[in-house]
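Novice: Residue numbers (our numbering), protein chains in the order written: chain A, 881 to 1165; chain B, 704 to 1013.
We put the CB at the ideal spot given by N, CA and C, even for glycine.
These numbers come from a predicted model, not from an experiment.
Sharing a structure here in structure tokens format.
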């Protein structure tokens, strides 16, 4: 007599539990599809002989890539992006490693305070908040439309994070190596180059890749500081392609979009899988 | 040889410790030389612009014309002009809506939902979902923007095809909603990853005991999970707020239009200062933006300090 209602309640909760799970799974599936939808076009359209804005099974071809090579701006802009990425990387890795090493090994007064202040500064003075003074300063320095201006602005924004991360790496290097190197008469610069840098290689590699990814996608800084079309990096050219060409050439744009995205996607997924590191936030956007 | 590791830390033996610290024989002077180039670069291109904004905002500096050659000091005129201009308040209001719905609500909730739903599954489903969300976050902003223009296209966009709403111009009829969803798409990966690691750190024993006393999924979430990851939620909210507030990417989708309906503060500053040429006025608004950033960042510092102490 008393068992039935109990069983009914139990069955009720199981049913409700089951329905809740189904609803949850359904919602998450829709969210997942929503995330996939824009990406499907990026992957399919470049291989379609006649791509359109709607999704369709492609008429497979590789001609679009051959055509892209003929566009005078496309490949050059990829080269420009590479130049900016590697240039910024060299500046921040060299200056960052020197600064991080010194900060790791010597008790400079107020060191930790400086470090946190720098990090705070870089998160407050973002590209958007500082675009007006940066633009004005670069104009005054006569560096508008030069890579030097873009490189210096990008490096200045990225350096605090770089120093912060590299100092962590340097702190974890045992000092006994340096002691022995010093006993054999190596100077500080030599020690940094031949002893510390090889050990800190994972840290330096991480910073290098991270910097290139940051600069590769950066739109705002080159957008406001560069003028000539043939100097534009891919991030800006992509925008120019779809805003300024009257009738958008989808074969060109889709192929270019994939070519431009592929390096960061590959870097991210290969590196992420192999080393399992997370990209630190900071200056993304 | 191993003095540096065996020397106990303490103020009584400070001189010896200092020598042990300086194993590379750097010396304070050379250390200063090592640090200087980085600090100078940061000083000129990060610190100086921030300070320069204060002065620039009190001039009538323009990109072209007479005021470009010899700008005049105008005191607080720019601030008066900005604060009495309805378009500034409109922009600030749009920014608030954008940050609230796309950052604080959208990215946080969906990021948490994704982290929660993939936490117990293994294999390719988890990899696929995480991979898709991450891909949206790593592809360059100008590509992401174009993909959304394609998706939302009036005549042949996929969304109109799927929903059966042919001819709907989403970016003209619902511009704000569009960039909010766009920005959720771009940014959710961060919250997802942060909550993934936060959920991993919740002691399983606590969840087990909650299950034993018969707590439902919702009760577990409210009474066990949320109290455990409160710090992460706060950190996530503040960082997302800061980044969403500072993003310029919606400009690549709607260019602030139609009729300024998506002119969030970053776009407003750009339009005023660079195409509009009013650098002085733009700098004044930039300073307001920098101050808001400062407040959010200081809140973040307080929160993370409090967490470390506990």
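#1: Could you pull out every residue in the same chain whose Cβ sits closer than 7 angstroms to the Cβ of residue 937 (chain B), ignoring the five residues on either side in sequence?
#2: Where in the stretch 808-886 of chain B do unbroken runs of the beta strand (DSSP E), each at least 3 residues long, occur, reported from the N-terminal end onward?
#3: Quick check: residue 822 (chain B) and residue 750 (chain B), are their CB atoms within less than 7 angstroms of each other?
#4: Please confirm whether residue 1004 (chain A) has its beta-carbon closer than 7 angstroms to some beta-carbon of chain B.
#5: Please report how far the alpha carbon of residue 826 (chain B) lies from the alpha carbon of residue 918 (chain B), in whole angstroms.
#6: Determine, using beta carbons only, whether residue 1151 (chain A) comes closer than 7 angstroms to chain B.
#7: Any idea which residues DSSP pairs residue 937 (chain A) with across the strands?
#8: Who are the neighbours of residue 981 (chain A) on chain B, taking C-beta pairs under 7 angstroms?
#9: With a cut-off of 8 angstroms on the beta carbons, I'd call residue 843 (chain B) and residue 885 (chain B) a contact; round off their distance for me.
#10: By how many angstroms is the C-alpha of residue 1115 (chain A) removed from the C-alpha of residue 1141 (chain A)?
#11: Along chain B, in chain order, which residues have C-beta atoms closer than 9 angstroms to that of residue 1108 (chain A)?
#12: Would residue 964 (chain A) pass as a contact of residue 1113 (chain A) if the rule is Cβ separation under 7 angstroms?
#13: So the candidates are B:729, B:817 and B:882; which of them puts its Cα closest to the Cα of residue 803 (chain B)?
#14: In whole angstroms, give me the CA-to-CA distance for residue 877 (chain B) and residue 742 (chain B).
#15: At the level of alpha carbons, what is the spacing between residue 1117 (chain A) and residue 961 (chain A)?
#16: Roughly how many angstroms separate the alpha carbons of residue 1132 (chain A) and residue 944 (chain A), rounded to a whole number?
#17: Which partner residues of residue 928 (chain A) appear in the DSSP bridge assignment?
#18: What's the gap between the Cα of residue 848 (chain B) and the Cα of residue 956 (chain B)?
#19: Listed in chain order, which residues of the stretch 907-919 of chain A have Cβ atoms closer than 8 angstroms to some Cβ of chain B?
#20: Output, in sequence order along the chain, the residues in the stretch 1020-1040 of chain A whose CB is closer than 8 angstroms to any CB in chain B.
#21: Are there three or more Cβ pairs, one per stretch, closer than 8 angstroms when the stretch 925-933 of chain B is compared with the stretch 835-842 of chain B?
#22: Could you confirm whether any beta carbon from chain B is found closer than 7 angstroms to the beta carbon of residue 997 (chain A)?
#23: Alpha carbon to alpha carbon, how far is residue 1036 (chain A) from residue 1091 (chain A)?
#24: Going by DSSP, what residue range makes up the alpha helix (DSSP H) through residue 1016 (chain A)?
#25: Within 10 angstroms of its Cβ, does residue 978 (chain B) collect 16 or more other Cβ (buried), or is it exposed?
#26: Can you tell me the Cα-Cα spacing of residue 850 (chain B) and residue 966 (chain A), whole angstroms?
#27: Please classify residue 921 (chain A) as buried or exposed, where buried requires at least 16 other C-beta atoms within 10 Å of its C-beta.
#28: Can you tell me where the alpha helix (DSSP H) with residue 909 (chain B) in it begins and where it stops?
#29: Where do the N-terminal and C-terminal ends of the alpha helix (DSSP H) with residue 966 (chain B) fall, by residue?
#30: Under 7 angstroms Cβ-Cβ, which residues of chain B neighbour residue 1094 (chain A)?
#31: Reducing DSSP to helix, strand and coil, say where residue 776 (chain B) ends up.
#32: Taking 8 angstroms as the threshold, find out whether the stretch 1059-1068 of chain A comes into contact with the stretch 1025-1045 of chain A through three or more Cβ pairs.
#33: Using only the alpha-carbon positions, how far apart do residue 984 (chain A) and residue 904 (chain B) sit?
#34: With a cut-off of 7 angstroms, does the C-beta of residue 1165 (chain A) fall near any C-beta of chain B?
#35: Residue 921 (chain A) CB to nearest chain B CB: under 7 angstroms?
#36: Would you call the CB atoms of residue 1042 (chain A) and residue 972 (chain A) closer than 7 angstroms?
Specialist: With the structure as the only source:
#1: 1006
#2: none
#3: Contact flag unset, no.
#4: yes
#5: 28 angstroms
#6: So no, residue 1151 (chain A) is outside the interface.
#7: Residue 937 (chain A) is not bridged to any residue.
#8: 737
#9: Actually they are not in contact, since the Cβ atoms of residue 843 (chain B) and residue 885 (chain B) sit about 14 angstroms apart, beyond 8 angstroms.
#10: 10 angstroms
#11: Neighbours of residue 1108 (chain A) on chain B: none; closest Cβ ~17 angstroms, over 9 angstroms.
#12: yes
#13: B:882
#14: 46 angstroms
#15: 10 angstroms
#16: Looking at the two C-alpha atoms, the distance is approximately 7 angstroms.
#17: A:940
#18: Distance between the alpha carbons of residue 848 (chain B) and residue 956 (chain B): 5 angstroms.
#19: 907, 908, 911, 912, 914, 915, 916, 917, 918 and 919
#20: 1032, 1033, 1035, 1036, 1037, 1039 and 1040
#21: no
#22: no
#23: 12 angstroms
#24: 1011-1020
#25: exposed
#26: 27 angstroms
#27: buried
#28: Segment 907-915, the alpha helix (DSSP H) holding residue 909 (chain B).
#29: Unbroken run through residue 966 (chain B): none, as it is neither H nor E.
#30: Within 7 angstroms Cβ-Cβ: nothing; residue 1094 (chain A) doesn't reach chain B, min ~11 angstroms.
#31: strand
#32: no
#33: Taking the straight line from one Cα to the other gives about 30 angstroms.
#34: Note that residue 1165 (chain A) has pLDDT 30, beneath the 50 cutoff, so the model's placement of it is unreliable and no number is given.
#35: Output row for residue 921 (chain A): interface = yes.
#36: yes
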